[in-house]
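Asks: This structure is in structure tokens; I'll ask about it shortly.
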Amino acid sequence: MEFRGVSMTYQTGTVALKDVSFTIQDGEFVFIIGRSGAGKSTLIKLLTCEERPTGGKVLIDRYDVAKIRRRLVPYLRRNIGMVFQDFRLIYTKTVYENVAFAMEIVGAHRSTIRRRVPIVLSIVGLRDKAGARPGELSGGEQQRVAIARAMVNNPMLILADEPTGNLDPTNSETLMALLEEINHTGTTVVICTHDRELVDRMKKRVIEIDGGCLVRDDAIGLYGQSCPVRPRPNREDEADDEIVSDTTDTEAVREVGS
Amino acid sequence: MRLSTVGHTLREGLRSLVRHPLVTLASVSTIALMLVLLGAFDIFSLNARQIMAQAGQQPPIEITMELGVSQEKLAAVSKAMDENPLVIEHVLYTPEENLEQFKQSMENKALFEDFPVTNIPHTFSVRLTDPEQGESFRDQISGMPGVRKVDLELSVMRFLSQAIVWVNYATLIAFIVLGVITFFIISNMVRVAVFARGEEISIMKYVGATNSYIRVPYIIEGALVGLAGATLAWLLIYLGYTRLFDILMEGVKPTDILAMVDPERIARQIILLNLLVGIGVGSLGSAIAVRRHIAV
Chain L
3 MEFRGVSMTY QTGTVALKDV SFTIQDGEFV FIIGRSGAGK STLIKLLTCE ERPTGGKVLI
63 DRYDVAKIRR RLVPYLRRNI GMVFQDFRLI YTKTVYENVA FAMEIVGAHR STIRRRVPIV
123 LSIVGLRDKA GARPGELSGG EQQRVAIARA MVNNPMLILA DEPTGNLDPT NSETLMALLE
183 EINHTGTTVV ICTHDRELVD RMKKRVIEID GGCLVRDDAI GLYGQSCPVR PRPNREDEAD
243 DEIVSDTTDT EAVREVGS
Chain S
12 MRLSTVGHTL REGLRSLVRH PLVTLASVST IALMLVLLGA FDIFSLNARQ IMAQAGQQPP
72 IEITMELGVS QEKLAAVSKA MDENPLVIEH VLYTPEENLE QFKQSMENKA LFEDFPVTNI
132 PHTFSVRLTD PEQGESFRDQ ISGMPGVRKV DLELSVMRFL SQAIVWVNYA TLIAFIVLGV
192 ITFFIISNMV RVAVFARGEE ISIMKYVGAT NSYIRVPYII EGALVGLAGA TLAWLLIYLG
252 YTRLFDILME GVKPTDILAM VDPERIARQI ILLNLLVGIG VGSLGSAIAV RRHIAV
């Protein structure tokens, strides 16, 4: 997966990303960090083709997703498992149905669904909760259902947007262990987060976005560790840009972290 | 499309109907109303056409021959009509028969007992295949030797013919107006359903559902609403028309000029029209609405 000089300006004029470039190899485990509004969500939206970049290229498996035809977008998304902070489960369906639903959508055979869903629920430790509805589960369990749904179609990439945002430290740790396990099977895992402890504990690659710019890309990084792979953009040049106004806060976060 | 996907599509389409019963009811009622009105216009049109056809075949055309016309001239006119493809049948009435018929129509028959038959002409009563060809037929026959005049009952035919044109225009206008109203109601129904399932739809998109996978259940829902509306309208029309038929046609023979179209024929024709329009408008309305609200 490669971002090559990617810029994104919304129709409202808000600049979300500026000339962002990085590459993520197959099977990597990457944290994308940054404060709220830094551009992390835009990055995810570009990967899932919810938005198209206004400049540069977003390549997945050498395909430029910015140029992918609308009708092919669903087929791209089938290769990406999404995990959200608010779980995004269907509360009228059972745990089993929530996971099976993802397979039904891609047109899997009923027999395949019946065989695979229990296996995936076993992996996330929820086989005995298959008949329960999400509302009856704890936050950690609900997020594990979301992970089961994300991994059930064997995606090449799992994208998690603040997956531990609604979880306590114990559940966060369980979740990370699960994602790491999935990563060991060869699936690329990209997590957008501002969970400092989590990033520091995992010691994985860290990409930091700030004010729409990539400011750090550490092979084994900490949340607050400053180890830039390229010089930071000249902030004075962006003095008039509304995103620049966030810089002071970001600097403060960095200083506290280090 | 896989069988499981077809199953999902039908299931979701049905579920969606039940989720918002009031919206569904409003949509079904509007479609039914539209189809009842459309059916009423169609019934009027069908009856007007039948009356026209029967009027044309119930000899409103009468050929009056000259007094004392020769048998040769009568035979020539008769032969011309035999060879004319417009003529279904023609009947010759002798002066004696015409006098008798005239007497029958009078209250005081005794007055005409001594009326000389030589003052009464031979006449032909003619039935044409197409009543609108009456004038052309008159032009062909009136120039023949022995023919005094050809009478056509054109006023009724002209009125009916004009009425059919008006009814067709009114039907078209009513169809367009009600169609637009129906479209908005269905569009609203789909919007409510899409908003109610917004979260589920967004999840479906993230998981990789195609446009058709998400949209088709709504189109099925629209088609089902159309089907329900069409069936309801058909029932109302059939029951209403049968009742009207029973009241108005009591003692009237089916061959009478003013006989209404048989309710069974109306039922067959209306069900086809209703299903076609109802399902068409329902699914098309949904398809357009869902296209505006859902895009992956």
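So the sequences go chain by chain: L and S.
Here the working numbering is used: the first residue of the first sequence is 3, the next is one more, and so on.
Here the working numbering is used: the first residue of the second sequence is 12, the next is one more, and so on.
Backbone N, C-alpha and C define an ideal beta-carbon position, used for all residues, glycine too.
From a predicted model like this one, the values you see are computed outputs, not experimental measurements.
#1: Go ahead and pull the three-state DSSP assignment for His19 of chain S.
#2: Using a threshold of 8 Å, state whether the C-beta atoms of Thr189 of chain L and Ile160 of chain L are closer than that.
#3: Helix, strand or coil: how does DSSP classify Ser23 of chain L here?
#4: Kindly identify the DSSP beta-bridge partner or partners of Arg207 of chain L.
#5: In chain S, which residues lie with their C-beta within 8 Å of the C-beta of Thr50 of chain L?
#6: Looking only at C-alpha atoms, which of L:Glu199, L:Ala221 and L:Tyr225 sits nearest to Gln27 of chain L?
#7: Would you tell me roughly how many angstroms separate the C-alpha atoms of Asp170 of chain L and Asp163 of chain L, rounded to the nearest one?
#8: I'd like the list of long-range same chain contacts for Tyr93 of chain L, defined as Cβ closer than 8 Å, with 5 residues on each side in sequence excluded.
#9: Hey, is Thr221 of chain S's beta-carbon within less than 8 Å of any beta-carbon in chain L?
#10: Between the Cα of Asn153 of chain L and the Cα atoms of L:Ile125, L:Gln13 and L:Tyr65, which residue gives the shortest distance?
#11: With a cut-off of 8 Å on the beta carbons, I'd call Gly328 of chain L and Ala18 of chain L a contact; round off their distance for me.
#12: Counting only the same chain and skipping the five closest in sequence on each side, list residues whose C-beta sits under 8 Å from that of Gly157 of chain S.
#13: Looking only at DSSP bridge pairs, what is Glu73 of chain S linked to?
#14: Would you check if there are 3 or more beta carbon pairs closer than 8 Å linking the segment 21 to 40 of chain S to the segment 190 to 203 of chain S?
#15: For Lys47 of chain L, which of L:Arg79, L:Arg198 and L:Tyr65 has the nearest alpha-carbon?
#16: So, under 8 Å CB-CB, Ile8 of chain S and Ile152 of chain S are touching, yes? Tell me the CB distance rounded to an integer number of Å.
#17: Going by beta-carbon coordinates alone, are Ile72 of chain S and Asp162 of chain S separated by less than 8 Å?
#18: Three-state secondary structure (DSSP) at Phe89 of chain L?
#19: Do you know whose CA, among S:Leu255, S:Asp125, S:Thr105 and S:Gly190, lies nearest Ser297 of chain S's CA?
#20: Using a Cβ cut-off of 8 Å, pull out every chain S residue sitting near Pro165 of chain L, in sequence order please.
#21: Hey, out of L:Thr11, L:Ile82, L:Thr16 and L:Ser174, whose CA is closest to Met204 of chain L's CA?
#22: Determine the closest residue to Glu99 of chain L out of L:Ile82, L:Arg129 and L:Pro76, with distance taken between C-alpha atoms.
#23: Using alpha carbons as the reference points, say which of L:Glu53, L:Ile70 and L:Asn155 lies closest to Ile1 of chain L.
#24: Mind reading off the beta-carbon distance from Thr44 of chain L to Glu30 of chain L? Whole number of angstroms is fine, and I expect it under 8 Å.
#25: In the DSSP assignment, find the alpha helix (DSSP H) that holds Met153 of chain L and state where it starts and stops.
#26: Across the segment 202 to 216 of chain S and the segment 280 to 289 of chain S, are there enough close Cβ pairs to call them in contact, namely three or more that are closer than 8 Å?
#27: Please state if the CB of Arg207 of chain L and the CB of Phe2 of chain L are separated by a distance shorter than 8 Å.
#28: Under 8 Å by Cβ, that's how I've got Ser9 of chain L and Gly58 of chain L pegged, so tell me the actual separation to the nearest angstrom.
#29: Going by the DSSP bridge assignment, what does Leu243 of chain S pair with across the sheet?
#30: Taking the alpha helix (DSSP H) that Lys42 of chain L belongs to, which residues open and close that run?
#31: How far does the alpha helix (DSSP H) with Asp93 of chain S in it extend, from its first residue to its last?
#32: Are the CB atoms of Leu200 of chain L and Thr176 of chain L within a distance shorter than 8 Å?
#33: According to DSSP, Phe5 of chain L sits in a beta bridge with which residue or residues?
#34: Just the C-alpha distance for Val128 of chain S and Ala121 of chain S, rounded to the nearest angstrom, thanks.
#35: Leaving out five residues on either side along the sequence, give the residues of the same chain with a beta carbon under 6 Å from the beta carbon of Val263 of chain S.
#36: Beta carbon of Ala64 of chain S, beta carbon of Val178 of chain S: below 8 Å?
Replies: Let me lay it out:
#1: Here His19 of chain S sits in helix by DSSP.
#2: yes
#3: strand
#4: L:Val32
#5: Within chain S, the residues near Thr50 of chain L are Tyr217.
#6: Of L:Glu199, L:Ala221 and L:Tyr225, the residue nearest in Cα terms is L:Ala221.
#7: For Asp170 of chain L and Asp163 of chain L, the gap between their C-alpha atoms comes out near 16 Å.
#8: Arg135, Pro136 and Gly137
#9: So, interface residue.
#10: Note that residue 153 of chain L corresponds to Met in the displayed sequence, not to Asn. Comparing alpha-carbon positions, the option among L:Ile125, L:Gln13 and L:Tyr65 lying closest to Met153 of chain L turns out to be L:Ile125.
#11: Coverage of chain L is limited to positions 3 through 260, which leaves residue 328 of chain L absent and any answer about it impossible.
#12: Closer than 8 Å at the Cβ level, and outside the excluded window around Gly157 of chain S, lie Met76, Glu77, Val80, Ser81, Lys84, Leu85, Ala87 and Val88.
#13: S:Ser136 and S:Asp162
#14: Verdict: yes, contact present.
#15: Nearest to Lys47 of chain L by C-alpha distance, out of L:Arg79, L:Arg198 and L:Tyr65, is L:Arg79.
#16: Because residue 8 of chain S is not part of the residues shown, which for chain S are 12 to 307, the question remains open.
#17: yes
#18: coil
#19: S:Gly190
#20: Correct list: empty, because the minimum Cβ distance to chain S is about 14 Å.
#21: L:Ser174
#22: L:Arg129
#23: Residue 1 of chain L falls outside the range modelled here, since chain L spans only 3 to 260, and no answer is possible.
#24: So it is not a contact: roughly 20 Å between Cβ atoms.
#25: Gly141 to Met153
#26: The answer is no - the segment 280 to 289 of chain S does not touch the segment 202 to 216 of chain S, with fewer than three Cβ pairs under 8 Å.
#27: Because residue 2 of chain L is not part of the residues shown, which for chain L are 3 to 260, the question remains open.
#28: 6 Å
#29: Bridge partners of Leu243 of chain S: none, in fact.
#30: Lys42 to Leu49
#31: Gln82 to Glu94
#32: When the beta-carbon positions are compared, Thr176 of chain L and Leu200 of chain L stay at least 8 Å from each other.
#33: L:Phe24 and L:Val60
#34: Rounded to the nearest angstrom, the gap between the Cα atoms of Val128 of chain S and Ala121 of chain S is 15 Å.
#35: Ala270
#36: no
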